[in-house]
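Read the structure below first, then the notes.
Protein chains: 2
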Amino acid sequence: MAATIKDIARVLNISTSTVSYALNGGPRTVPEGVKARVLATAADLGYRPNRLAKSMVTGKTSTFGIVPPGTSILAAASPYFQIVLNGILSAADEVDHDVLIFTGFRDGNEDRFIDNVLDGRVDGLIFLAPPKGTQIFAHPELTKVPHVMTNCWLDCSVPAINCDNEAGIRDALKYLVELGHRDIGMLYGKLDLDDGIQRHAAFMEFMTDAQLPIRAEWIKDGDFTPAGGYTAAYSLLTQDRIPTAVMCCNDEMAVGFVRAAAELKISVPDQISVVGFDDSPMASSVHPTITTMRQPLEEMGRAAVLALSALISGLPVRNQTFSTRLIVRASASRPSEDTKTHD
Amino acid sequence: MAATIKDIARVLNISTSTVSYALNGGPRTVPEGVKARVLATAADLGYRPNRLAKSMVTGKTSTFGIVPPGTSILAAASPYFQIVLNGILSAADEVDHDVLIFTGFRDGNEDRFIDNVLDGRVDGLIFLAPPKGTQIFAHPELTKVPHVMTNCWLDCSVPAINCDNEAGIRDALKYLVELGHRDIGMLYGKLDLDDGIQRHAAFMEFMTDAQLPIRAEWIKDGDFTPAGGYTAAYSLLTQDRIPTAVMCCNDEMAVGFVRAAAELKISVPDQISVVGFDDSPMASSVHPTITTMRQPLEEMGRAAVLALSALISGLPVRNQTFSTRLIVRASASRPSEDTKTHD
DNA sequence: CTGAAAGCGCTAACAT
DNA sequence: ATGTTAGCGCTTTCAG
Numbered sequence: 280m281a282a283t284i285k286d287i288a289r290v291l292n293i294s295t296s297t298v299s300y301a302l303n304g305g306p307r308t309v310p311e312g313v314k315a316r317v318l319a320t321a322a323d324l325g326y327r328p329n330r331l332a333k334s335m336v337t338g339k340t341s342t343f344g345i346v347p348p349g350t351s352i353l354a355a356a357s358p359y360f361q362i363v364l365n366g367i368l369s370a371a372d373e374v375d376h377d378v379l380i381f382t383g384f385r386d387g388n389e390d391r392f393i394d395n396v397l398d399g400r401v402d403g404l405i406f407l408a409p410p411k412g413t414q415i416f417a418h419p420e421l422t423k424v425p426h427v428m429t430n431c432w433l434d435c436s437v438p439a440i441n442c443d444n445e446a447g448i449r450d451a452l453k454y455l456v457e458l459g460h461r462d463i464g465m466l467y468g469k470l471d472l473d474d475g476i477q478r479h480a481a482f483m484e485f486m487t488d489a490q491l492p493i494r495a496e497w498i499k500d501g502d503f504t505p506a507g508g509y510t511a512a513y514s515l516l517t518q519d520r521i522p523t524a525v526m527c528c529n530d531e532m533a534v535g536f537v538r539a540a541a542e543l544k545i546s547v548p549d550q551i552s553v554v555g556f557d558d559s560p561m562a563s564s565v566h567p568t569i570t571t572m573r574q575p576l577e578e579m580g581r582a583a584v585l586a587l588s589a590l591i592s593g594l595p596v597r598n599q600t601f602s603t604r605l606i607v608r609a610s611a612s613r614p615s616e617d618t619k620t621h622d
Numbered sequence: 280m281a282a283t284i285k286d287i288a289r290v291l292n293i294s295t296s297t298v299s300y301a302l303n304g305g306p307r308t309v310p311e312g313v314k315a316r317v318l319a320t321a322a323d324l325g326y327r328p329n330r331l332a333k334s335m336v337t338g339k340t341s342t343f344g345i346v347p348p349g350t351s352i353l354a355a356a357s358p359y360f361q362i363v364l365n366g367i368l369s370a371a372d373e374v375d376h377d378v379l380i381f382t383g384f385r386d387g388n389e390d391r392f393i394d395n396v397l398d399g400r401v402d403g404l405i406f407l408a409p410p411k412g413t414q415i416f417a418h419p420e421l422t423k424v425p426h427v428m429t430n431c432w433l434d435c436s437v438p439a440i441n442c443d444n445e446a447g448i449r450d451a452l453k454y455l456v457e458l459g460h461r462d463i464g465m466l467y468g469k470l471d472l473d474d475g476i477q478r479h480a481a482f483m484e485f486m487t488d489a490q491l492p493i494r495a496e497w498i499k500d501g502d503f504t505p506a507g508g509y510t511a512a513y514s515l516l517t518q519d520r521i522p523t524a525v526m527c528c529n530d531e532m533a534v535g536f537v538r539a540a541a542e543l544k545i546s547v548p549d550q551i552s553v554v555g556f557d558d559s560p561m562a563s564s565v566h567p568t569i570t571t572m573r574q575p576l577e578e579m580g581r582a583a584v585l586a587l588s589a590l591i592s593g594l595p596v597r598n599q600t601f602s603t604r605l606i607v608r609a610s611a612s613r614p615s616e617d618t619k620t621h622d
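Keeping their order, the protein sequence lines are chains A and B. Numbering of the first sequence is given in my numbering, commencing with residue 280 and proceeding in unit increments. Numbering of the second sequence is given in my numbering, commencing with residue 280 and proceeding in unit increments.
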């Protein structure tokens with residue numbers, strides 16, 4: 280039987296309220312002597328506060344809820360989730376909160392899911408890259424719990440933490456153009472996610488504005504994964520005519536691309552330049568190291584915690600858009616003269 | 280104001296116990312008509328069960344607690360954590376549990392940490408690769424909550440989920456020897472973790488038993504990271520005499536090794552063979568793809584959940600050791616005649 | 001078959 | 001300065 284404040288009170292012949300105040304250091308003041316004795320017997324009895332009971336009366340839990348990206352729990356295997364989660368954990372740690380990951384978020388499961396997130400275990404929720412078509416944000420009951428989201432732009436009032444995908448893709452492409460590239464292909468992915476959609480659209484827009492050729496056979500779906508990028512790269516690189524550069528909409532695809540190129544003995548960047556997106560750990564681990572647009576995912580995770588904390592405190596919270604930054608590494612260079620083509 | 284069972288009871292002029300039984304489908308049976316009306320008004324009122332209250336009386340929370348690897352929260356950034364967590368999440372999902380990640384586990388912080396894990400929010404705990412010297416398992420109060428651990432061999436009664444590091448390293452080295460290698464180096468790492476220690480020790484033992492040369496300058500600390508592996512590889516590969524093969528005690532280091540080799544224009548596997556450990560996502564994403572000993576981390580995460588569930592149910596739980604399996608890819612081959620040296 | 005009520009452990013308003 | 005007590009929302013024993 281675990282000790283409770285009642286036990287401490289009984290032992291010391293004082294009231295539970297005094298014990299509570301002594302233990303919590305307030306709001307009521309307790310004489311030093313009494314406080315010391317309370318602490319001592321608490322230690323003696325092996326007393327451990329029960330946070331369920333405390334939460335029930337205070338309405339606060341000191342835990343943040345997280346909803347992993349996508350509808351599938353498998354998304355938890357992505358570097359994206361890993362890095363954002365890491366930012367969330369370290370920020371949560373700093374404010375003495377723990378983090379509850381909700382598992383049951385699936386299409387058609389909305390009501391049970393809502394039951395879960397409203398059941399009192401968390402003070403608020405962070406949705407990580409929720410899937411595009413989800414109905415969850417339309418659920419009237421969801422407003423009962425404070426929530427923010429990352430990497431998703433919805434026309435609703437949920438505070439969002441995003442990175443500027445459009446500027447990121449644009450800057451990456453500008454860099455390639457400045458290097459002298461005109462024939463630029465793209466590996467896109469995950470068109471059910473806002474990041475996927477926006478990066479794809481930004482590519483199209485830039486190429487159109489810059490009056491550069493958009494060739495369908497140079498634009499492939501790489502699924503945001505190394506394996507997808509590898510397959511897409513193979514089908515792209517085995518064509519008669521290939522671009523001098525490829526924009527990969529995330530680093531995992533860029534890694535897959537570079538591997539395919541190596542197998543095909545196409546040198547990166549001598550014969551084809553590659554630019555990635557995210558600055559994921561893989562990008563700096565492979566040969567050649569991948570030039571990429573850094574998305575500050577860890578900071579975004581931290582920002583999500585801050586925004587959620589503010590929201591919970593009743594403070595106003597605005598959307599935040601983080602800037603991307605070009606990280607120049609080894610996978611992109613000037614196109615060599617003999618690979619250049621002219622339309 | 281959220282609706283409670285009291286509200287439902289009041290509306291229908293029945294008792295809260297009937298409402299509770301209707302909602303839960305037992306243990307007491309409730310006439311269909313009443314049950315239907317209870318469910319209807321529950322929906323009407325937007326009733327959501329409060330799990331804190333429920334947990335307080337039942338003592339069950341439907342949530343598992345996780346303690347990330349190492350003492351530093353930063354360990355959450357490792358592929359190890361990511362993959363095991365993924366296994367845990369999917370297994371937890373299947374048994375309708377959520378997962379609470381505890382943040383405050385640090386040396387010297389034991390007592391606050393114990394407060395946290397004993398505060399009633401979880402039914403049990405999974406320690407992921409706890410640091411070697413931790414005092415936490417000696418804490419008498421920890422026995423109050425069921426717990427298991429992964430990737431850690433301690434001489435205590437905590438049920439452990441491990442992989443057979445010794446056999447794994449041995450099989451990897453056997454494979455290299457069968458290919459014809461005798462001059463074998465090693466990149467080890469994290470000697471504060473059991474996995475790190477055991478793999479290091481297994482290498483030494485195998486080499487001794489097989490009467491193969493152990494050369495200190497071929498044995499480097501690569502910190503289990505790509506960057507560490509890269510640095511270690513540089514210092515290893517820029518020596519006058521280099522081995523024909525290198526055992527990397529995890530795949531991240533192998534990836535770093537391969538990158539360094541590429542930069543130094545040392546061909547893998549033609550000039551030097553590399554074998555990794557874990558079969559982490561990176562291993563199959565780089566060029567050349569890394570031959571590795573697969574450690575079934577996702578299954579181990581799932582097994583941890585199963586073991587913990589059993590423990591919580593009061594069932595006996597034994598240690599489990601998972602076998603590793605050689606995954607032959609492209610980074611290891613027979614040594615070429617001209618790289619072979621003879622002592 | 002159903003209702004009343006105790007109680008899980010805690011906080012805080014309300015006494016004194 | 002301290003004690004008493006009413007809940008928080010729920011489950012379940014005990015009465016009827």
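All residues carry an ideal CB built from backbone N, CA and C; glycine is no exception. Here the structure is a predicted model, which means the values were calculated and not measured.
C-beta contact flag for residue i and residue j at 8 Å
i, j, result
"Asp502/A", "Gly468/A", "yes"
"Ser559/B", "Glu531/B", "yes"
"Thr603/A", "Ala446/A", "yes"
"Asp372/B", "Gly383/A", "yes"
"Leu291/A", "Val309/A", "no"
"Ala451/A", "Met526/A", "yes"
"Pro567/A", "His460/A", "no"
"Thr517/B", "Asp462/B", "no"
"Ile287/A", "Leu324/A", "yes"
"Val547/B", "Val537/B", "yes"
"Leu587/A", "Val427/A", "yes"
"Ala408/B", "Leu472/B", "yes"
"Pro438/B", "Arg597/B", "yes"
Inter-residue spacing [alpha-carbon to alpha-carbon] between residue i and residue j
i, j, result
"Ala543/A", "Leu458/A", "Rather than Ala, the amino acid found at residue 543/A in this sequence is Leu. Their Cα atoms are separated by approximately 24 Å."
"Asp500/A", "Ala511/A", "6 Å"
"Gly387/B", "Leu421/A", "40 Å"
"Ile362/A", "Met572/B", "26 Å"
"Ser436/B", "Asp402/B", "19 Å"
"Ala506/A", "Gly535/A", "6 Å"
"Ile352/A", "Gly475/B", "With a pLDDT of 49 at Ile352/A, under the threshold of 50, the modelled position of that residue is not reliable, and the figure given next carries that caveat. Roughly 30 Å between the two C-alpha positions."
"Gln335/A", "Gly338/B", "What sits at residue 335/A in the sequence shown is Met, not Gln. The alpha-carbon atoms of Met335/A and Gly338/B are separated by roughly 14 Å."
"Ala589/B", "Ala370/B", "13 Å"
"Ala609/A", "Tyr509/B", "16 Å"
"Tyr454/A", "Val565/B", "25 Å"
"Ser341/B", "Ala533/B", "39 Å"
"Thr487/B", "Gln477/B", "15 Å"
"Asp390/B", "Asp398/B", "12 Å"
"Lys411/A", "Gly312/A", "59 Å"
"Arg400/A", "Ile591/A", "14 Å"
Extent of the continuous alpha helix (DSSP H) to which residue i belongs
i, result
"Asn441/A", "Not the alpha helix (DSSP H): Asn441/A falls in the beta strand (DSSP E), residues Ala439 to Cys442."
"Phe536/B", "Asp530 to Glu542"
"Arg385/B", "No alpha helix (DSSP H) holds Arg385/B; DSSP gives it neither H nor E."
"Phe482/B", "Asp473 to Asp488"
"Val313/B", "Glu311 to Leu324"
"Gln599/B", "That residue, Gln599/B, is in no alpha helix (DSSP H); its beta strand (DSSP E) goes Gln599 to Phe601."
"Val290/A", "Ile284 to Leu291"
Range covered by the beta strand (DSSP E) that runs through residue i
i, result
"Ala524/B", "Ala524 to Cys527"
"Leu466/A", "Ile463 to Tyr467"
"Ile569/B", "Careful: Ile569/B lies outside any beta strand (DSSP E) and carries neither H nor E."
"Val554/A", "Ser552 to Asp557"
"Gly403/A", "Gly403 to Leu407"
Residue i: CB within 7 Å of a non-hydrogen atom of the ligand NAP
i, result
"Pro358/A", "Here there are no bound small molecules, and the ligand NAP is not part of this structure."
Count the C-beta pairs between the region 439 to 450 of chain B and the region 376 to 383 of chain B that are closer than 8 Å, then say yes if the count reaches three, no if not. no
Taking only beta carbons into account, state which residues of the region 552 to 582 of chain B come closer than 9 Å to chain A, listed in chain order. Pro560, Met561, Ser563, Ser564, Val565, His566, Pro567, Thr568 and Glu577
Give me the subset of the region 363 to 388 of chain A whose CB atoms are less than 8 Å from a CB atom of chain B, sorted by chain position. Leu364, Asn365, Leu368, Ser369, Ala371, Asp372, Asp375, His376, Asp377, Val378, Leu379, Ile380, Phe381, Thr382 and Gly383
Is there contact between the region 364 to 372 of chain A and the region 387 to 400 of chain A, where contact requires at least three CB pairs shorter than 8 Å? no
Any C-beta of chain A within less than 9 Å: which residues of the region 523 to 557 of chain B qualify? Glu531, Val534, Gly535, Val537, Arg538, Ala539, Ala540, Ala541 and Glu542
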